[in-house]
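In the numbering used here, the protein residues as written are 595 to 783.
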């Protein structure tokens, strides 16, 4: 194409990759969230999903999420019902559960998720890990160490740019993220 970007037919590429290594399943995992900042637990989601998907033999695209994101499907005006149906129905998702979330109950209570329950794969994280971006930001505001909670390069970047300090948080009071600004503006009209 004009931009010099090579476009591949995804199905063909995945079939070739699958033939080269038939013991592993080729999968594209799409994770969404703020990752603000990214933590080792965010990275762990990918490892758990990879372990779960290996051996199924079928290339797939799946949404990878934690139980908290799954439960956000129930927040009024955050997700469109047709978007949830498209994601879960056409692609499916792998949900990594953690303590304090009851993903199975949430699926049962949601008509759209219940309809596509066979396309939702729940993976239990047996290693208790309560790391969250919110707790990382809180620790940084309080001047506490985040070593071993985030990748070293992430910690270095945060320190280099003085992110999440109480001073930087004060500078950003009242600032709304762009997607939330659009959503708020749409609701006002």
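Backbone N, C-alpha and C define an ideal beta-carbon position, used for all residues, glycine too. Computed from a predicted structure; not experimentally measured.
When 759, 655, 731 and 694 are compared, the shortest CA-CA separation from residue 629 is found for 731.
A Cβ-Cβ contact shorter than 7 Å links residue 661 with residue 691. Beta-bridge partners of residue 689 (DSSP): 659 and 716. With 16 or more other Cβ atoms from the protein chains shown falling within 10 Å of its own Cβ, residue 697 counts as buried. In the three-state DSSP reduction, residue 743 falls in the coil class, being neither helix nor strand. Contact between residue 714 and residue 701 holds, since their C-beta atoms are separated by about 6 Å, short of 8 Å. Inclusion of residue 717 and residue 633 in the CB contact set at 7 Å is not warranted, their separation being larger than that value. The C-beta distance from residue 635 to residue 723 rounds to 5 Å, short enough to meet the 8 Å contact threshold.
Note that the segment 621-628 touches the segment 655-672; at least 3 beta-carbon pairs, one per stretch, sit closer than 8 Å.
Here the alpha carbon of residue 749 sits roughly 27 Å from the alpha carbon of residue 694. Exposed is the label assigned to residue 756, since fewer than 16 other Cβ atoms lie within 10 Å of its Cβ. Each residue's CA atom was taken as its position, placing residue 769 and residue 728 some 17 Å apart.
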